[in-house]
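Residue numbers (UniProt numbering): 1 to 116.
Ideal Cβ placement from N, Cα and C applies to all residues, glycine included.
Structure record follows, encoded as structure tokens.
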């Protein structure tokens, strides 16, 4: 598990960018109080999903408006075609931890990163 941030430091409706890993991971705290973690890079082009717009369990990429389901990583349509990789989230003693996926990331063309 990778410590991300204190739960109290991540208000509902906000995201935290964990950039101590490659590729970076975005942790989202939905308005319903759920926590989700996905790779922070849009699968279409190099853009931070943590800078996107969170609505329900979806995040909209700030660059070309592709939306990703935070529960599954599924892209709703063009321009993104590939899902974003999802990760597990655990809260222990008020700290949010990310449990990295074993799957390879779906990075945009030209982007390179080692897996978490």
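(Q) Please report the straight-line C-alpha distance between residue 54 and residue 60, rounded to a whole angstrom. (A) Roughly 7 Å separates the two Cα atoms.
Q.
For residue 6 and residue 64, I'd like the C-alpha separation in whole angstroms.
A. So the two alpha carbons sit approximately 31 Å from each other.
(Q) If distances are taken between C-alpha atoms only, which option among 41, 13, 92, 58 comes closest to residue 31? (A) Relative to the Cα of residue 31, the nearest Cα in the group 41, 13, 92, 58 belongs to 13.
Q: Provide the residue span of the beta strand (DSSP E) that contains residue 3, from first to last.
A: It spans 2 to 6 - the beta strand (DSSP E) in which residue 3 sits, taken as one unbroken run.
Q: Measure the C-alpha to C-alpha separation of residue 23 and residue 1 and round it to an integer number of angstroms.
A: Straight-line Cα distance between these residues: approximately 16 Å.
Q: Within 10 angstroms of the Cβ of residue 104, are there 16 or more other Cβ atoms? Answer buried if so, exposed if not.
A: So residue 104 ends up on the exposed side.
Q. According to DSSP, is residue 115 helix, strand or coil?
A. Reliability of the predicted coordinates at residue 115 is poor, the pLDDT of 45 falling under 50, and no value is obtained from them.
Q.
Given a cut-off of 9 Å on the beta-carbon distance, is the pair residue 96 and residue 88 in contact?
A. No, Cβ-Cβ distance for residue 96 and residue 88 is not below 9 Å.
(Q) Rounding to the nearest angstrom, what Cα-Cα distance links residue 8 and residue 36 in this structure? (A) It is roughly 15 Å from the alpha-carbon of residue 8 to the alpha-carbon of residue 36.
Q | Beta-carbon proximity check, residue 83 vs residue 74, cutoff 9 Å | A | Yes. Within cutoff.
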